[in-house]
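Protein chains in written order, with our numbering: chain A, 172 to 612; chain B, 172 to 612; chain C, 172 to 612; chain D, 2 to 113; chain E, 2 to 113; chain F, 2 to 113. The beta carbon of each residue, even a glycine, is placed where N, CA and C say it ideally should be.
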Ligand SMILES: Nc1ncnc2c1ncn2[C@@H]1O[C@H](COP(=O)(O)OP(=O)(O)O)[C@@H](O)[C@H]1O
Ligand SMILES: Nc1ncnc2c1ncn2[C@@H]1O[C@H](COP(=O)(O)OP(=O)(O)O)[C@@H](O)[C@H]1O
Ligand SMILES: Nc1ncnc2c1ncn2[C@@H]1O[C@H](COP(=O)(O)OP(=O)(O)O)[C@@H](O)[C@H]1O
């Protein structure tokens, strides 16, 4: 999101004249149809990132007997988080001025109407745009514990996590709380979205334990084209995520847009080059993963670096996320099924630091070194806060609900059948084996 | 669509000052680049709802030997309806002031040029936005008679139906005709799009008869991931459908957007809860169906209720559409293959009534009770008009063209082969059985 | 792209008053949030055309053992072209005023900042919008040599081709060079994008030779639903491509949008009608191909004809591209695997000529006959320039790198395994054969 | 014991299974196959080119039964699977020397 | 020579293959099948309707071995594939009269 | 009658079918299988991890013929399917006691 304390104000002034619809002589901002048009579009794009984008990216990577469970977890995140966001989440994140969390003044969107503005856009649009972030962030985590978590445990987990991890972090970084007070820069969510989900996911993956067969037998993706489609839709939708975070259709949005594309492209090229040298072949899954890594890394930085800076941010993401996924993970031996930590945790942390490393002169307010230290401090804070709270949540959940994991037999049968009584595919066209049921009711 | 008679005018006035690009002192509206940007985007989103959204939603639900026939029917609706819309459809719906139908003054878009405005947007944009509605509405019906209608019969049916059911209803509700005169509220098409297609589809399903094996053997979906992708794209695209119907990028569009998301989310949660209690498991297909039901129900209401109201609209859709699909249909025994009536017919009717039930103070013009009666009256009218005309069309078609259904052998062979001489899939990678053809020409 | 020399200026003037945000009394254009909103959206839409649109359209048409190689080639085009575009491509195409090619003044986007405008939009947005064209154009060609080119050769080929064919043509037509000097009209890239890729692709297909088994055994599509989804996303994304090329959200953008839809629809109907008469059945693949042919043909013309004109442009595309694909190709015997020449080469050439044939009075500057001759001249130029340079590139590449084609055994094993060591699918749900690996490292 | 291997039309699977169940056959193994035979294939169209597909989808049912059941099983399958049109398929009978139930290690007819 | 045709639970494939490899069996052919039997199927839900799926996924392993190996192969498969639960599957032994290695034309036991 | 069961490389299917047709064999049943054998598998890469896939795609052709045709059929398949490289596959011959044409109920050699 457009960083609203500190840097945002001069930038708003900078573009006030150019904006055409803003009138410098007026104190209060007016609604801009152009900004609103872009934010409506961006909100739609960010939803598309989760469904079907992330759903396909993750869904293709699991085995065929678990694909529906992944799609379901994405879909239900859109359902559950949307409702919670309107009821309390938005208020906790964006109302009030606590250091750690907001207040309940805007519960149920109290006090907001069609005419209420947030900057130059209707507040409803701001609410729903932010709500789309609240949908994707918990859903990102599911990749870490895919193929083994009980559906009911997932529902409880993401609900509590939204309230105790996401809403506080969003408030601290974007809502005027602690971290924004430090002057940390996080344009579209390197800390709030990616580090928070990536580090929490790692904890959850370890807490739940490895999948059956992990290490002894490969657990290959069942449908790589789905994964590539998913990565492509993430790429497209991410323009709404990043350029939308300017909350306006202006030059900074344009910068965020081109940087998003450039860093992603560079991460992809670097990753493929490493694979080619290291493994002998560049892979499609590598390319798709690299694209997401680049998107993650540029997220906090996209409005603060030039396109040349974005090349460096992307290249760094390619190197670091590759190392995390292909070297670190096998060494440490945890089963982060779809590499949420390696891509979002590491990519997000790198992006937050790279924001200062490659910051453009026009975006730097104080001293370069000070900004770098602030970024590192905010990364460190998030790297401790998110997984710690997540761990507490998981321990309490296990104490209350019992094991968060499906039973061994359910796991080998697949989550689609055991959690949802469904099968994803009936065998190919022309076949009728799948029709060989007997109807019961 | 933004309801243009009655309520719309005060709302336009309300936002005139906030809009920035509107000049209160001028009588004539000017082009707003912001509104135009949003309407161009919305038009693209609404096409995406049909292709690939609806195509995948329905295509995944049929058996593998009929998936291409479903994709084809969606694709050809985009082809055929677009051409008819430009030639006569738009004029019949939106030109002239008959009570039941428009006139032919704008045949072939006569009199419209790049500089012609419709409100603050180019009329061409209004024409194409409305054209996208004329594409999806007939296509919605195909779910009811999927897996058994002749392709040629489909072409004739949707053509005649567009002219005799859709265009008149659009005129009556949005074009200044009968129903708008009653003061009925239908923001984005609860009556015009969903009830009209849902009730007509029911008639068509009964008229065509059940599929072979219906009742005695299950006819399971061949690719549920496709269905989930389709539902997701419908959800994303529906923002263009609903928020686009304001024809502007303003606070009402923002309200319509957040309501669309909120009601859909709530419908999904409620449906899953019912399934969990009733069947023991929440299903992915249930979630996807519920999302569409929520989207349908909020369509007429999205600019008239608050987000809290949208929760009720969505919850009602979850309950009622579940009952229609899982209880009513098996009891009555008709074969509405993909539940067009249960989702669009029932969801649309509920939404139109819920519009009055949960109407927000800022949207209510007269007395609450009067508005409720008006809504009920318009629902009743549509519930009679659409299926009646549809039935007449079908009887005449059968008299002229013979059976509208494929032959029994073609049905068991599948419509892909019998109607289009194609197979959707050649078996998995590495296989060559599918390549074992002999070339003929 | 909005044709910036000649016709564009009066049109800009025409809409200046209507635009609301433009102030006639000012010499310099200001940033329009509305125009910027639409161009951000359009840029995202154009990327969506390549990934996942084109990737799926082509990916579904190849055999299952080559699908990943096609997805990879699309993905890597987004990676490689984006980086090259920022580094030198944009400058070569749009900076300086050479007749044949631009200069290097804007290398690395030197001199551009968030406040730099290009017309009413930030130049960064213009750069990235044009960059999306530079991604899709080389990727279009891969359909011609699908299932047989080495991945490394592909990378070199598209890099050199972008610099020696695409950038010069973009400069000549849109950057103020030779062809724009003639007064040729090419709104969104009939010459620059479609003819250039289509004619070059033909040469590359012939240069690489036929696939194993071509002619003697059928090489059927492995997943037609993917192809239909791809065509649908191309259709949706093309609105950004064509209406975005106005670089503003105004009446001409609206005209381009409705024409795009109308011509595509008409091409689809005409192609299906021909198939029905000629082959006895209308096919889904025919419909999808026809849609793309219609989109291609209207590309150069979309801002210069009326919607009725668009019907003729689309009908012509349906007839001519059908003949090219179903009659010409088998007669001449070249193996243009996925019909890039028949659809893009022929469709683009037809569209460029049809631009003059059906030009609307408001778009015609000089004499009709003169415009027609200019169009023919620019078509002839492109039909010689692009394939000629392509041929030289291919000969040099072969001299330097050896055969551009994979080895025979790699081809029969499939490119997915031989180039990327991956398989697209593990067999259906419930299966474990695909899990029957042994882990190596 | 004999292995009765039948190739049938896909949509006849339900009926054959029911017929076998009625005879008291408790188990069988089914797979998807493709068959060449006298039955003509269908034509597919692909951008103007026509192909004849002559490998048709069939279902293979394998059931092992005790010797005394062979003729009744053949009779049941023949009746249930026949439509009278070319392509109805074949039944082949092969000798089986031994059968073992993996779960218990039982062998011979009791393993079936 | 004998053809040993076994129907096993899918997730047992790895173990059976390893057990056969240990016995020195160098080749085998595997396919996906579906089995009816005593093992109960599972229920699927589809918009409120419940279906029992009683065609369960199984793996068929076909391996041809010399006569003297038959009992050890049966033993190995039985041991590796057993879980003790219903549905573990069957082993059938059929006589094979000849085997040919296509590459070399060799026949008899040396072709295996 | 004999059942000739051959496992071949997938891309050889067309040639084998043509060779059998030339001999006058009118029907056959084909399925997709996977084979383990002496032929080495290929490596797949997955985010830095390497896997060896040693279950390779093969085609199984089952054709039942009269006793007198066995050797010519074996010869035809051997010739059409051989490439000389490891993995070309096997042919197994099994005795068949009876064959029935479902459509007509005919049995014996005339049922083929
Ligand atoms: N000699 C054979 N060996 C194995 N399978 C056969 C043989 N002949 C026919 N089949 C199988 O039986 C199926 C039906 O045979 P076909 O000749 O088409 O019809 P019909 O059985 O009515 O004479 C074929 O598709 C094939 O799968
Ligand atoms: N008579 C039979 N002929 C062929 N296959 C059989 C037969 N009986 C069982 N099978 C196969 O063996 C599998 C397991 O049999 P089932 O009766 O479920 O359990 P169990 O082997 O433990 O008694 C079945 O799914 C089926 O594939
Ligand atoms: N003993 C066997 N029983 C069943 N199938 C076998 C046997 N040996 C080999 N096969 C099948 O034959 C295929 C080829 O065998 P392989 O040993 O790789 O090569 P070759 O036949 O050239 O010696 C295997 O992939 C497998 O499907």
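- Counting only runs of at least 4 residues, the segment 398 to 479 of chain A fully encloses the following alpha helix (DSSP H) elements, listed from N- to C-terminal order: 422 to 450, 455 to 469.
- Per DSSP, the continuous alpha helix (DSSP H) segment holding residue 558/C begins and ends at 539 to 572.
- Assigned with DSSP and collapsed to three states, residue 51/E falls in strand.
- Identification of residues in the segment 26 to 45 of chain F having a C-beta nearer than 7 Å to some C-beta of chain D yields 27, 28, 29, 30, 31, 32, given in sequence order.
- About 5 Å separates the CB atoms of residue 517/C and residue 492/C; that is less than 8 Å, so the two are in contact.
- In the DSSP annotation of this structure, the continuous segment of the alpha helix (DSSP H) that includes residue 524/C starts and ends at 517 to 528.
- With respect to the 9 Å criterion, residue 551/C and residue 336/C are not classified as neighbours on the basis of their beta carbons.
- For residue 228/C, the enclosing alpha helix (DSSP H) covers residues 226 to 232.
- The beta carbon of residue 303/A sits closer than 7 Å to those of 214, 217, 218, all from its chain and outside the five residues before and after it, given in chain order.
- Collapsing the DSSP output to three states places residue 64/F in a strand.
- Of the residues 453/C, 519/C, 567/C, 373/C, the one whose Cα lies closest to the Cα of residue 360/C is 519/C.
- Annotation for residue 502/C: the continuous alpha helix (DSSP H) segment containing it runs 500 to 503.
- Cβ atoms of residue 478/C and residue 280/B come within 8 Å of each other, at about 5 Å.
- For the segment 389 to 423 of chain A, the set of residues with a beta-carbon nearer than 8 Å to any beta-carbon of chain F comprises 389, 391, 392, in chain order.
- At least one heavy atom of ligand 3 is found less than 8 Å from the C-beta of residue 63/E.
- According to the DSSP assignment, residue 103/F belongs to no beta strand (DSSP E), since it is labelled neither H nor E.
- Along the segment 496 to 508 of chain A, going in chain order, the ones with a CB nearer than 9 Å to a CB of chain C are 501.
- DSSP lists 54/E as the beta-bridge partner residues of residue 43/E.
- Under the three-state reduction of DSSP output, residue 271/B falls in the coil class, being neither helix nor strand.
- Within the segment 427 to 460 of chain A, contact with chain F at the beta-carbon level (separation under 8 Å) is assigned to 446, 449, 450, 452, 454, 456, 457, 460.
- In the three-state reduction of the DSSP assignment, residue 96/E falls in the strand class, which pools E and B.
- The closest heavy atom of ligand 3 lies 8 Å or more from the beta carbon of residue 95/E.
- Secondary structure of residue 6/E (DSSP, three-state): strand.
- When the alpha-carbon of residue 271/B is set against those of 554/B, 346/B, 283/B, the nearest one is in 346/B.
- A distance below 9 Å separates the beta carbons of residue 104/F and residue 86/D.
- Between residue 224/B and residue 405/B, the CB-CB gap stays under 9 Å.
- As a beta-bridge residue in DSSP terms, residue 394/A pairs with 596/C.
- The Cβ atoms of residue 380/C and residue 236/C do not sit closer than 9 Å to each other.
- Contacts between residue 103/E and chain F, judged by CB atoms closer than 8 Å, involve 7, 9, 78, 79, 82, 83, 89, 90, 91, 92 in chain order.
- At least one heavy atom of ligand 3 is found less than 8 Å from the C-beta of residue 39/F.
- Just measuring C-alpha positions, the residue of 81/E, 55/E, 53/E sitting nearest residue 23/E is 81/E.
- The beta carbons of residue 100/E and residue 71/E sit no closer together than 9 Å.
- Here the alpha carbon of residue 363/A sits roughly 28 Å from the alpha carbon of residue 427/B.
- Distance from the C-beta of residue 27/D to the nearest heavy atom of ligand 2 is below 8 Å.
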